[in-house]
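This report concerns only the one structure given below.
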Amino acid sequence: MSKIKINEVIVVEGRDDTNRLKQFFEVDTYETHGIGIDEKLIQELKTIAKKREIIIFTDPDYAGKSIRAHLEEAIPNALNAYLPRAEGVPKNKGSLGIEHASFEALKTALDKVRRNKNDDKNFTPVTSAQLNKLGLCGQANSRELREKVGDKLGIGYYNAKQLAKRLEINRITYEELKDVVDLSD
2 MSKIKINEVI VVEGRDDTNR LKQFFEVDTY ETHGIGIDEK LIQELKTIAK KREIIIFTDP
62 DYAGKSIRAH LEEAIPNALN AYLPRAEGVP KNKGSLGIEH ASFEALKTAL DKVRRNKNDD
122 KNFTPVTSAQ LNKLGLCGQA NSRELREKVG DKLGIGYYNA KQLAKRLEIN RITYEELKDV
182 VDLSD
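Numbers 2 to 186, taken from our numbering, label the letters of the sequence shown in order.
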């Protein structure tokens with residue numbers, strides 16, 4: 002099998018993530034080496050972002066979400082790829098992460114890269130009332146439904162409070178969200 006070429010630079014947490022991606026893809030990665038992101042790292046990524054697009058592809062755990070949030074704030078034009086939690090579970094011991102994902106899971110996540118469309122003037126964010134109406138908050142099965150919806154949208158899982166912000170960052174409309182919820186029932 003020949004490797005798939007990825008033109009963007011993929012930001013990952015560590016060497017194991019890089020090694021896993023390079024098994025299947027011809028790709029350049031940039032490693033954050035965990036949660037300790039400093040100004041030097043941010044400046045290096047901003048320099049890279051002037052010449053190439055960047056994809057943030059962190060682990061689907063608390064640390065990965067924290068790193069992603071910090072990078073998105075610093076580099077608002079970065080793209081996002083999300084790995085569903087179930088795809089990052091280690092077979093034996095270890096922590097949840099990209100390094101445990103199959104080729105199919107990695108390819109699907111990268112195929113669903115989300116662009117932060119900051120220039121979309123006609124975008125209307127999904128409201129809390131709309132999330133409630135769709136059953137994504139306040140229901141007994143809301144957590145499970147948010148997991149399914151997050152996987153289908155390719156944005157990962159978020160709790161009810163974080164979901165609205167994540168939908169806005171990824172410019173997901175109410176109509177798009179409703180279509181995915183309808184398919185998830």
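Cβ atoms here follow ideal geometry from the backbone N, Cα and C, with glycine treated the same way.
Would you decide whether residue i is buried or exposed? Buried here means 16 or more other CB atoms lie within 10 Å of its CB.
i, result
"N93", "exposed"
"E40", "exposed"
"A130", "exposed"
"D18", "buried"
"T145", "Inspection of the sequence shows that residue 145 is occupied by Glu rather than by Thr. Exposed, because fewer than 16 other Cβ atoms sit within 10 Å of the Cβ of E145."
"G155", "buried"
"L184", "exposed"
"A87", "exposed"
"D60", "buried"
Which value, in whole angstroms, describes the spacing of the CA atoms of residue i and residue j?
i, j, result
"L206", "C138", "No answer is possible for residue 206: the residues shown for the chain start at 2 and end at 186."
"I173", "V127", "8 angstroms"
"N119", "Y63", "Confidence in N119 is poor, its pLDDT being 49 and thus under 50, which makes the residue's placement unreliable; the coordinate value appears in the next sentence. Distance between the alpha carbons of N119 and Y63: 25 angstroms."
"A1", "G95", "The first residue shown for the chain is 2 and the last is 186, placing residue 1 beyond what the model contains."
"S3", "F25", "8 angstroms"
"L178", "V150", "8 angstroms"
Which residue comes first and which comes last in the alpha helix (DSSP H) that contains residue i?
i, result
"I173", "Taken as a continuous stretch (DSSP letters only), I173 belongs to no alpha helix (DSSP H), as it is neither H nor E."
"T210", "Nothing can be reported for residue 210: it is not among the residues displayed for the chain, which extend from 2 to 186."
"T109", "F104 to D112"
How far does the beta strand (DSSP E) with residue i in it reach, from first residue to last?
i, result
"E9", "I5 to V13"
> Which full runs of the alpha helix (DSSP H) of 4+ residues lie inside the region 128 to 153, going along the chain?
Replying inline: 129 to 134
> What are the start and end residues of each continuous alpha helix (DSSP H) run of 4 or more residues lying completely inside the region 33 to 102, in chain order?
Replying inline: 40 to 50 and 63 to 75
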